[in-house]
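As numbered in mature numbering (1 follows the signal peptide of the UniProt record, and there is no 0), residues -20 to -1, 1 to 449 make up the sequence shown, in order.
We put the CB at the ideal spot given by N, CA and C, even for glycine.
Working notes, structure below.
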Amino acid sequence: MNLLLTLLISLFAWLNPAPADTSPEWTKQVGAKTLPTGKTIFSASKYGAVADGKTLATQAIQKTIDAAAKKGGTVTLAPGQYLTGSLFLKKGVTLRLDKGVTLLGSQDLKDYPEIQTRVAGIEMKWPAALLNVLDQDNVAITGEGTIDGQGKVFWDKYWAMRKEYDPKGLRWIIDYDAKRPRALLVSNASNVTIKNITLQRSGFWTVHVLYSKNVTVEGIVVRNNLGGHGPSTDGIDIDSSSYVLIQKCDIDCNDDNFCLKAGRDADGLRVNRPCEYVLIQDCVAGAGDGLFTCGSETSGGIRHIIARRLKAKGTKTGIRIKSALTRGGTVEDVWVDDIEMADVGFGIIMTMNWNPAYSYSTLPAGYTQATLPAHWKAMLTKVEPAEKGMPHFRNVHISNVRVTNAKTAISAEGQPKSLLEGISLNNITMTAATAGGISYATGWTIKDVNITAQDQEPVAVQNSQNIKF
């Protein structure tokens, strides 16, 4: 009987072979290749960490990390709340935050020492994150515990500064002047694993992977709209990094949920480091500005990207590619597949002239160049020749998308000197208040696309060629 069953199973498998994996070869190389193997447990309680949520535990936890780094091992904390400033993980260390453990970010900026880093596409001095993996290899942050940035004090600071800066024509610099700590920064590092933790109320971006290689972010939960409206609290930002795997994550934030970046304007063009070989899969987004976003920092180029099996509900935009006329860089070889969206603002957006008040830097009268901070000067440096600042979007493939109850199905706008080129849309169904429009585009491949608009108007196509719905 067992032999017959085995033969039947073999016959079924032969008649119904598993579908071939058509993923490009590079997808086998994404993610951390190693994990710390040290078995020794280092308890932060033994180094003096007090779990009362009031006593600053930064030094005690850092001493535990440093001790674990000497031999290789796992840092643990007893259940409770630990108030802390910036912590710096080391090679060969696992920080395990078990269920019932919460790291509370200090609300005093002095507890976050300034480091040389990149923020929103510009290299500058900026407060270190709450958790930092800087210039390290083979590090892990795991467990079912929580990292709570307690960011509202920093959000309030930002909104107060906006009231002062906006009337002066300084919207473009406020994000850089209102220094706010990120929750977790991985910079110039390799073989880093971030798994299953919850991060909430980040002061600024939540997980920032910068200038790094072979990083895994898996199963994390981000909640940044607890107790307020956290501006610029992106979920996961992959910034000029490569071979990154993001999977099974759940993001609810107040800006881009899953975002790829590569530098801004003259400074980003100077650095010229691409964001490439990134796989994002099996994730969900709630509140936020974009389920899947490329840009607006595109200067170093964004390429060889796959985003698949993603879901969004209530997100402002589903699929978004954005840049500005001073960014430069090329977004290309991007594959977005098997996406579900409900109650979103836009299904698909492509724009090369995003948010002009933020994107373009102009010094108002009354300021002297000689007295400006270094990051202001970097922001004001003109891209020359101007043509170098023109971004390019090409070879973007969007397939198997289902959208219900969007405000606008698609808004795709190229530029007269930079057409949206070689975009393919395949097997897409959308219901929306309005279908939207496409301009300055060429050579699109459109197959099985069905957009049902409440206003019964079709997609408006202007200044384009070889575009037909």
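Of all the options the options, which has the alpha carbon lying nearest to the alpha carbon of residue i?
i, options, result
"G243", "G199, L259 and S276", "S276"
"A389", "V197, D323 and T273", "D323"
"G123", "R151, P147, G80 and D155", "G80"
"T186", "T173, G129 and S222", "G129"
"I431", "N443, N407 and G268", "N407"
"V10", "T422, V363 and E256", "E256"
"T409", "M321, Y138 and K34", "M321"
"N112", "R162, F134, D136 and V258", "R162"
"T297", "W315, D313, T331 and G281", "T331"
"K71", "D88, K90, K51 and K302", "K51"
"K193", "I102, I218 and W152", "I218"
"P16", "K34, T173 and P107", "T173"
"T342", "G149, V195 and P107", "G149"
"V195", "R253, N118, P254 and W135", "N118"
"residue 462", "K293, G327 and S303", "Given that the chain is displayed from residue -20 to residue 449, the structure contains no residue 462 and the question cannot be resolved."
"K241", "R289, V258 and A108", "V258"
"S182", "G131, K427 and A37", "G131"
"G60", "Q42, K34 and I95", "K34"
"S221", "L190, D317, V197 and E103", "L190"
"S3", "D247, H188 and W315", "W315"
"T97", "V197, T422 and L164", "L164"
"K448", "D428, A433 and Q434", "D428"
"F134", "G53, Y92, P147 and G281", "Y92"
"P211", "K291, C263, F184 and G18", "F184"
"residue 456", "D247, A24, Q227 and E367", "Any question about residue 456 goes unanswered here, given that the chain covers just -20 to 449."
"N252", "G101, T54 and S25", "G101"
Using 9 Å as the threshold, is the C-beta distance between residue i and residue j below it?
i, j, result
"A412", "N385", "yes"
"L305", "Q436", "no"
"Y156", "V99", "yes"
"A47", "Y27", "yes"
"A49", "V73", "yes"
"K175", "I121", "yes"
"L57", "L77", "yes"
"K105", "H377", "no"
"G215", "D245", "no"
"I301", "L271", "no"
"C239", "V202", "no"
"D115", "N171", "no"
"T44", "G125", "no"
"R160", "Y145", "no"
"W424", "S398", "no"
"M359", "I153", "yes"
"S419", "E401", "no"
"G266", "I231", "yes"
"S391", "I328", "yes"
"L249", "V363", "yes"
Looking only at DSSP bridge pairs, what is residue i linked to?
i, result
"E312", "R283 and R374"
"Q436", "Partner(s): none; Q436 has no beta bridge."
"E256", "S222 and R283"
"F238", "I216 and F272"
"A386", "A412"
"H188", "L165 and D217"
"D91", "Per DSSP, none; premise fails for D91."
"D318", "Looking at the DSSP assignment, D318 forms no beta bridge with any residue, so it has no partner."
"R76", "T56 and T122"
"K427", "N406"
"G85", "T64"
"L290", "C263 and I319"
"T297", "F326"
What does the Cβ neighbour count give for residue i, buried or exposed, with the cut at 16 atoms within 10 Å?
i, result
"H372", "buried"
"L206", "exposed"
"Q180", "buried"
"S86", "buried"
"G65", "buried"
"K13", "exposed"
"I21", "exposed"
"D88", "exposed"
"H209", "exposed"
"A350", "exposed"
"A140", "exposed"
"R90", "According to the sequence as given, residue 90 is Lys; it is not Arg. So K90 counts as exposed."
"A(-3)", "Below a pLDDT of 50, predicted positions are generally treated as unreliable, and A(-3), at 46, falls in that range; the measurement from the model is reported next regardless. A(-3) should be labelled exposed."
"D136", "exposed"
"Q442", "exposed"
"S444", "buried"
"N204", "buried"
"L110", "buried"
Would you say the beta carbon of residue i comes nearer than 8 Å to a heavy atom of the ligand PLP?
i, result
"V133", "The ligand PLP is not part of this structure, which contains no ligands at all."
Hey, is residue i's beta-carbon within less than 9 Å of any beta-carbon in chain B?
i, result
"G298", "Within the model displayed, chain B is absent; a lone protein chain is all it includes."
Check: Between the stretch 277 to 296 and the stretch 343 to 350, do at least 3 Cβ pairs fall closer than 8 Å?
Finding: Judged by Cβ distances under 8 Å, the stretch 277 to 296 makes no contact with the stretch 343 to 350, as fewer than three pairs qualify.
Check: Any contact of the stretch 259 to 277 with the stretch 306 to 314, i.e. 3+ C-beta pairs under 8 Å?
Finding: Counting C-beta pairs with one atom in each stretch, the stretch 259 to 277 and the stretch 306 to 314 have three or more that are closer than 8 Å, which means they touch.
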